[in-house]
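Everything below concerns the one structure shown next.
In our numbering, the protein residues as written are 2 to 576.
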């Protein structure tokens with residue numbers, strides 16, 4: 002075995018074992034494969050050479066070979082011309098002039114086509130020039146002419162390794178007798194190991210990065226001009242899909258496009274690109290690619306499987322959108338949940354489905370579930386602005402406006418180009434201020450979108466329960482009753498309610514509700530007391546109003562009623 006000469010691989014930095022030139026046997030020793038002369042030089046795939054004399058004594062001498070039958074020389078070409086061309090080829094090779102060496106070896110082969118030596122030497126020159134396919138063809142021909150020649154087999158195995166065919170290289174090494182050393186086989190074995198690891202990680206691991214690492218290590222042993230084998234490139238594309246990030250999906254597309262430039266009818270590359278498009282949410286384009294793959298190979302099962310999956314997902318998502326459109330929010334939640342189970346690996350689509358379901362939960366006022374879905378969506382896609390906004394709004398709607406303001410401000414910092422974010426920050430800050438004042442809706446126990454009827458019903462019920470005359474031993478009863486009156490007066494008036502909802506300071510005109518002075522007896526009005534809904538008073542008295550003595554009248558005039566000054570008081574019915 003010839004000594005090795007380090008070279009930088011195509012990926013940079015990993016030495017690759019060198020090869021060696023061959024010389025033609027001297028005329029007096031026909032059929033003996035040369036290998037000990039000074040012309041026998043070692044080659045690395047980057048073209049570096051050195052004489053291969055030091056290790057020659059340590060290498061076992063190959064057994065004698067049968068002399069090869071000489072074919073009759075072509076007209077005008079003498080057998081001795083082959084040796085002259087070979088010698089010129091060796092000279093050019095040592096000088097690093099590989100194109101010239103290839104030309105001279107070609108002349109030698111033309112003069113003697115059955116010489117394995119000339120073919121093997123030209124294979125070495127092709128390797129040094131980075132032309133591995135041509136080198137492989139010459140080595141195969143040399144091997145056919147002289148089967149079992151250790152030097153030819155070594156060169157053959159090295160070429161196969163440099164081309165990414167590790168298993169084929171190991172099979173060639175197995176043919177060498179005496180057996181190839183561990184050092185000889187090292188690169189091919191390492192390459193085979195890394196490719197096996199890449200396969201295993203694609204199948205069993207959730208991390209695409211481990212696949213990429215294994216492929217990177219395997220590619221370091223490729224020749225400087227060799228593209229990774231097609232299967233390796235498809236594996237790299239699969240790894241990018243497994244990672245599922247925006248950048249990695251773009252990388253997967255690049256891999257697919259490079260393969261399609263070489264063969265636009267490659268069904269595996271078409272499916273790879275379709276899956277990348279599907280991961281980016283371009284489902285219509287993905288379906289087109291799957292169909293195109295099937296037109297190239299109608300029996301390609303992967304294309305059938307992915308086509309059906311995307312079509313099913315699209316249909317289920319559309320059903321959920323239809324439910325949402327017609328306010329069938331509970332059905333929409335169920336449908337989006339079913340859609341999420343179709344392809345758990347699709348981060349892009351599932352983040353959108355989670356945000357859609359979160360919006361349904363906000364309509365159902367299930368704030369915590371909405372927040373949870375947004376968190377899950379952002380875990381899948383941390384850049385998903387819609388989910389960020391849905392989460393911030395759900396936080397505010399749940400009453401946590403401080404956290405909502407922080408969430409909106411974070412969006413503004415990360416995405417200042419977002420057109421509406423400045424207004425949304427201001428709105429959230431206003432809602433935070435509003436949340437720190439009295440919550441009239443909460444006081445009355447009604448929702449913010451309640452009707453006037455809801456307000457009246459709640460007010461009447463609470464006024465009866467919390468009237469001070471009903472709670473003589475409770476010093477806080479009067480304050481609670483005032484708050485109820487204040488809330489009712491604000492929310493029942495459309496203008497005041499609009500100002501309250503919009504955050505205008507309702508106290509700027511000196512107060513709301515005109516609560517002055519005390520309340521005597523049954524809520525007397527002396528000195529500007531609080532007006533009370535007559536129906537509330539009726540309920541407080543147990544329905545004791547009417548024409549009989551002691552009852553009070555709604556119209557002015559007549560004798561005073563209990564707790565009210567003489568002359569009575571007019572009431573607007575139902576506030």
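Note that the Cβ used here is the ideal one computed from N, Cα and C, for glycine as well.
For residue 485 and residue 463, what's the separation of their Cα atoms in angstroms? Roughly 7 Å between the two C-alpha positions.
Is the stretch 242-249 in contact with the stretch 218-226, if contact means three or more CB pairs nearer than 8 Å? Judged by pairs of C-beta atoms under 8 Å, the stretch 242-249 does not touch the stretch 218-226, as fewer than three such pairs exist.
Pop quiz: residue 334 and residue 307 are said to be a contact at Cβ under 8 Å. What is the actual Cβ separation, rounded to whole angstroms? Not really, about 27 Å apart at Cβ, beyond 8 Å.
Using a Cβ-Cβ cutoff of less than 7 Å, which residues in the same chain neighbour residue 293 once the five nearest sequence positions on both sides are dropped? Excluding sequence neighbours, residue 293 sits near 271.
Please name the residue, chosen from 466, 188 and 395, that lies closest to residue 167 on a Cα-to-Cα basis. Comparing alpha carbon positions, the residue from 466, 188 and 395 closest to residue 167 is 188.
If residue 434 sits next to residue 382, beta carbons under 8 Å apart, how far is it from one beta carbon to the other, in whole angstroms? Contact between residue 434 and residue 382 does not hold, since the beta-carbon distance rounds to 33 Å and is not under 8 Å.
Do the stretch 114-122 and the stretch 140-148 make contact, defined as three or more Cβ pairs closer than 8 Å? Yes: at least three Cβ pairs fall under 8 Å.
From residue 108 to residue 123, what distance separates their C-alpha atoms? Here the alpha carbons of residue 123 and residue 108 stand approximately 10 Å from one another.
What is the DSSP secondary structure of residue 451, counted as helix, strand or coil? Residue 451: coil per DSSP, three-state reduction.
Nearest to residue 240 by alpha carbon, out of 205, 259 and 261? Comparing alpha carbon positions, the residue from 205, 259 and 261 closest to residue 240 is 205.
State the DSSP-derived secondary structure class of residue 1, mapped to helix, strand or coil. Examination of residue 1 is not possible in this model, given that the chain is present from 2 through 576 alone.
Which of the three DSSP states is assigned to residue 209 in this structure? Residue 209 falls in the helix class under three-state DSSP.
To the nearest angstrom, report how far apart residue 399 and residue 436 are at their CA atoms. Answer to the nearest angstrom: the Cα atoms are 11 Å apart.
Just how far apart, CA to CA, sit residue 379 and residue 313? Straight through space, the alpha carbons of residue 313 and residue 379 are spaced by roughly 24 Å.
In chain order, each alpha helix (DSSP H) run of at least 4 residues that lies wholly inside the stretch 166-237: The DSSP assignment places complete alpha helix (DSSP H) segments of no fewer than 4 residues inside the stretch 166-237 at 167-174, 183-205 and 209-220, in order along the chain.
Can you tell which of 302, 300 and 274 has its C-alpha closest to the C-alpha of residue 289? For the residues 302, 300 and 274, the minimum Cα distance to residue 289 belongs to 274.
Assigned exposure category for residue 557 - 16 Cβ within 10 Å defines buried: Reliability of the predicted coordinates at residue 557 is poor, the pLDDT of 35 falling under 50, and no value is obtained from them.
Is it buried or exposed for residue 474, if we count other Cβ within 10 angstroms and need 16 for buried? The residue is exposed, with fewer than 16 neighbouring Cβ atoms inside 10 Å.
Going by CA-CA distance only, name the one from 423, 415 and 132 that's closest to residue 1. Limits of the chain in this structure are 2 at one end and 576 at the other, which puts residue 1 out of reach.
Residue 443: buried (16+ other C-beta within 10 angstroms of its C-beta) or exposed? The residue in question, residue 443, is exposed, as its Cβ has fewer than 16 Cβ neighbours within 10 Å.
Using a threshold of 8 Å, state whether the C-beta atoms of residue 408 and residue 392 are closer than that. Result yes, Cβ atoms of residue 408 and residue 392 sit closer than 8 Å.
So for residue 579, helix, strand or coil by DSSP? Residue numbering for the chain in the displayed model covers 2 to 576; residue 579 lies beyond these limits and cannot be assessed.
In whole angstroms, what separates the C-alpha of residue 183 from that of residue 229? Whole-angstrom Cα-Cα distance: 25 Å.
Excluding five sequence neighbours on each side, which residues of the same chain lie with their C-beta closer than 6 Å to the C-beta of residue 332? Cβ within range, chain order: 324.
CB of residue 372 within 8 Å of CB of residue 412, strictly: No.
Whose C-beta lies closer than 8 Å to the C-beta of residue 282 among residues of the same chain, with five residues either side of it excluded? Correct list, in chain order: 349, 350 and 353.
Which runs of the alpha helix (DSSP H) spanning at least 4 residues fall entirely within the stretch 405-468, listed in chain order? Counting only runs of 4+ residues, the alpha helix (DSSP H) found wholly inside the stretch 405-468 occupies 422-436, 441-445 and 453-467, in chain order.
Secondary structure of residue 298, DSSP reduced to three states: DSSP, reduced to helix, strand and coil, places residue 298 outside both helices and strands of the structure shown, so it counts as coil.
Among 212, 264, 337 and 341, the one whose alpha carbon lies nearest that of residue 360: With distances taken between CA atoms, residue 360 lies nearest to 337 out of 212, 264, 337 and 341.
Closest Cα partner of residue 479 within the set 259, 93 and 466: For residue 479, the closest C-alpha among the options 259, 93 and 466 is that of 466.
Residue 483, DSSP secondary structure in three states: The answer is helix: DSSP assigns residue 483 an H, G or I state.
Less than 6 Å between C-beta atoms, sequence neighbours within five positions excluded: which residues of the same chain meet that for residue 161? If we look at residue 161 and ignore the five residues flanking it on each side, its Cβ neighbours are 169 and 170.
Please determine, among 155, 137 and 254, the residue with the shortest C-alpha to C-alpha distance to residue 287. Of the residues 155, 137 and 254, the one whose Cα lies closest to the Cα of residue 287 is 254.
Per-residue burial, residue 262 [other beta carbons within 10 Å of its own, 16 or more giving buried]: Per the 10 Å Cβ criterion, exposed.
Can you grab the Cα-Cα spacing for the pair residue 192 / residue 309, in whole Å? Linking residue 192 to residue 309 through their CA atoms gives a straight-line distance of about 37 Å.
Give the single residue among 158, 345 and 503 whose Cα lies nearest to the Cα of residue 245. Of 158, 345 and 503, the smallest CA-CA separation from residue 245 is found for 345.
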